[in-house]
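Quick notes on the structure that follows.
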Amino acid sequence: MTDKQLTTTAGAPISDNQNSQTAGERGPVLMQDYQLIEKLAHQNRERIPERVVHAKGWGAFGALKITEDISKYTKAKSLQKGATTPMLARFSTVAGELGAADNERDVRGFALKFYTEDGNWDLVGNNTPVFFLRDPYKFPDFIHTQKRHPKTNLRSAEAMWDYWSLSPEALHQVTILMSDRGCPTTPMQMNGYGSHTFSLINDQNERFWVKFHFKTQQGHAHLTNAQSAAKIGETREGYQEALFGTIENGDFPKWTMQIQVMAEEDAEKAAFNPFDLTKVWPHADYPCITIGEFELNRNPENYFAEVEQAAFSPSNIVPGVGFSPDKVLQARLFSYADAHRYRIGTHYEALPVNAPKCPVHHYHKDGNMNFMGQQTGNSDAYYEPNSVAGAPREDATQAEPPLKISGDADRYNHRDGNDDYSQARALHDLFDEGQRARLYANTAEAMQGAKADTIERVLAHYDQISPAYGKGIRAARKALNA
Ligand code: NDP
323 MTDKQLTTTA GAPISDNQNS QTAGERGPVL MQDYQLIEKL AHQNRERIPE RVVHAKGWGA
383 FGALKITEDI SKYTKAKSLQ KGATTPMLAR FSTVAGELGA ADNERDVRGF ALKFYTEDGN
443 WDLVGNNTPV FFLRDPYKFP DFIHTQKRHP KTNLRSAEAM WDYWSLSPEA LHQVTILMSD
503 RGCPTTPMQM NGYGSHTFSL INDQNERFWV KFHFKTQQGH AHLTNAQSAA KIGETREGYQ
563 EALFGTIENG DFPKWTMQIQ VMAEEDAEKA AFNPFDLTKV WPHADYPCIT IGEFELNRNP
623 ENYFAEVEQA AFSPSNIVPG VGFSPDKVLQ ARLFSYADAH RYRIGTHYEA LPVNAPKCPV
683 HHYHKDGNMN FMGQQTGNSD AYYEPNSVAG APREDATQAE PPLKISGDAD RYNHRDGNDD
743 YSQARALHDL FDEGQRARLY ANTAEAMQGA KADTIERVLA HYDQISPAYG KGIRAARKAL
803 NA
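Position one of the sequence shown corresponds to residue 323 (our numbering), numbered consecutively onward.
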């Protein structure tokens, strides 16, 4: 086989890719050596803005298989018994930048894109069932505390704990973060959760509230802080090596898919707000129902094209799946798609990794990098409504049932009447002695560098979660001479 001809981006043959064109052997480079300029210009444009959060990620393709009949809850075709749907998963850390070490203690992103016959369904969750906040007003400030201080350019324990001491709803998630599960060994050895409450809609147009869970079939495995430091000393790319390696070896990881379901009218009656992202739905009240599993079995051919440019957004839903009034979900419906418009471009959903595997017909027009032309199948159909035969039309049968919500438009204090402690206590109390000792030690270690009065303020919250919890952290601080 002869090698391929090297060409310019315009397709013309290149005669020399080693030597620049100069005036005389020792003379300056000529302006007409355009391919040199092109090469350097391309290099300057090799990066796109990294994600502000979840910058470092690891991805693979696979398939979701539904094994149980949940048609009484949803008409989603990809959730019917026997359905198999191709998918992409991207795991990530939250705080670290693109070059961060993989094995740091952090929440992990767990983003799934299902390429269904009714369009892409993205479940953009984490490896934790809850989050640090329940009101999206707090998200940018919270993330600032996790990122670098503007002057020192270092991460600040004082900022993190000061914020948490004034935002006790975060401590349920902080408890998970500082527990064993806060530092999973590999992406294969952790669960995923949709975290938010979503809805399922059946063919009678009845709505159910739902939580999605993905339980690892590889078993949980975690690193202690000391093991994580040692691992990072060996390699900063532990997750990429593990995920890529296991799939390359044909040892395909799997997760069991489960749902918790709540009748629509029960949302008003539940003792807790089921749309509060800092709360789980207790298993005893809302048991996990196994509905299928997914397997990851193909590595991307090109990391940049298929993982860095993968654009997940919770706004991508399909018939039979819907949103919920969760305020943080509502804010993410805007901000994820907007992040991709900014970092990838207007037509990010037309890139192969993001493009639906079903026909796409819309009236959006032009814009930077529109290589698809008019997506209506007819150049006369570039506005709507129109009388062009065969042009894309809305379908009223796809309407969701109305959301029954009453109340005055106002700013409701998300702290009023909210219990920030019970669920963190339930988690603390289910840990065994060893798990608690590690929780206290990890928390005490993370507090190093924060001011004494900040720590006292946050410890007062831990005392309210459980006196044993506050006492345990104090003892662990003493052991560190803090
Ligand atoms: P259960 O006893 O039924 O559930 C306890 C759950 O805790 C387990 O099923 C497991 O979740 C999870 N868990 C075990 N170890 C850890 C850990 N180190 N870090 C985080 N989670 C862990 O009780 P409840 O449903 O009433 O929940 C009690 C507490 O458990 C909650 O307050 C919450 O903190 C935590 N939890 C609850 C979940 C839920 O959806 N109800 C999900 C995850 C955690 P899993 O089965 O998902 O592996």
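Glycine included, each C-beta is placed from N, C-alpha and C at the ideal position.
Inclusion of proline 451 in the 8 Å shell around ligand 1 follows from its C-beta lying nearer than that to a non-hydrogen atom of the ligand.
For isoleucine 336, the closest C-alpha among the options Ala481, Ser657 and Leu328 is that of Leu328.
Counting only the Cα atoms, valine 602 lies some 24 Å from serine 728.
Cβ-Cβ distances below 8 Å link glutamine 354 to Gln343 in the same chain, with the five nearest sequence neighbours on each side left out; the list follows chain order.
Unbroken alpha helix (DSSP H) stretches of 4 residues or longer found wholly inside the segment 532-608: 547-556, 560-570 and 588-591, given in chain order. Residue environment: glutamine 745 is assigned as buried (16 or more neighbouring CB atoms within 10 Å of its CB, all protein chains considered). Distance from the CA atom of leucine 802 to the CA atom of asparagine 690, rounded to whole angstroms, is 56 Å. Taking every protein chain shown into account, the CB of valine 351 has fewer than 16 other CB atoms within 10 angstroms, so this residue is exposed. Out of Val532, Ser637, Leu599 and Asn638, the CA that lies nearest to the CA of isoleucine 611 is found in Val532. Residue state for valine 640 is assigned as coil, using DSSP reduced to three classes. The beta carbon of arginine 558 lies closer than 6 Å to those of Ala423 in the same chain, with the five residues before and after it left out. Cβ atoms of arginine 747 and methionine 769 stay farther apart than 8 Å, at about 20 Å. Comparing C-alpha distances from leucine 749 to each of Thr600, His376 and Gln365 shows the shortest one belongs to Thr600. About 13 Å separates the beta carbons of asparagine 571 and alanine 382, which is beyond the 8 Å limit, so they are not a contact pair. Proline 604 and proline 724 have their C-alpha atoms some 27 Å from each other. The alpha-carbon separation between glutamate 360 and glutamine 340 amounts to approximately 14 Å. The alpha helix (DSSP H) runs of length 4 or more contained entirely in the segment 748-778 are, from start to end of the chain, 755-769. Excluding sequence positions up to five before and after glutamine 549, its CB lies less than 7 Å from no other CB in the same chain. Contact between phenylalanine 753 and serine 501 holds: CB atoms are separated by about 7 Å, below the 8 Å threshold. For asparagine 513, the shortest C-beta to heavy atom distance toward ligand 1 is below 8 Å. In the structure shown, arginine 373 falls within a coil segment according to DSSP collapsed to helix, strand and coil. With fewer than 16 other Cβ atoms inside 10 Å of its own Cβ, arginine 715 counts as exposed. Judged by pairs of C-beta atoms under 8 Å, the segment 506-513 does not touch the segment 625-636, as fewer than three such pairs exist. For glutamate 706, the CB contacts under 6 Å within the same chain, skipping 5 residues up- and downstream, are Tyr685 in chain order.
Taking 8 Å as the cut-off, one finds at least one heavy atom of ligand 1 near enough to the beta carbon of histidine 605.
Each residue's CA atom was taken as its position, placing aspartate 444 and tyrosine 658 some 11 Å apart. Measuring C-alpha to C-alpha distances from glycine 756 to each of Ile388, Gly794, Ala492 and Glu390 identifies Gly794 as the nearest.
The beta strand (DSSP E) runs of length 3 or more contained entirely in the segment 355-410 are, from start to end of the chain, 379-388.
Between the C-alpha atoms of valine 650 and proline 462 there is a straight-line separation of about 12 Å.
With a cutoff of 9 Å on beta-carbon distance, phenylalanine 616 and alanine 411 are scored as near each other. As computed with DSSP, phenylalanine 436 is found in a beta bridge with Met409 and Trp443. Rounded to whole angstroms, the separation of the alpha carbons of glutamine 720 and asparagine 700 is 24 Å. Between alanine 385 and threonine 406, the beta carbon gap of about 5 Å places them in contact (Cβ cut-off 8 Å). Looking from the CA of glycine 431, the closest CA among Arg758, Gly667 and Phe536 belongs to Phe536. Following the DSSP letters along the chain, one finds glutamate 426 in no alpha helix (DSSP H), marked with neither H nor E. Between glycine 441 and proline 789, the gap from beta carbon to beta carbon reaches 9 Å or more.
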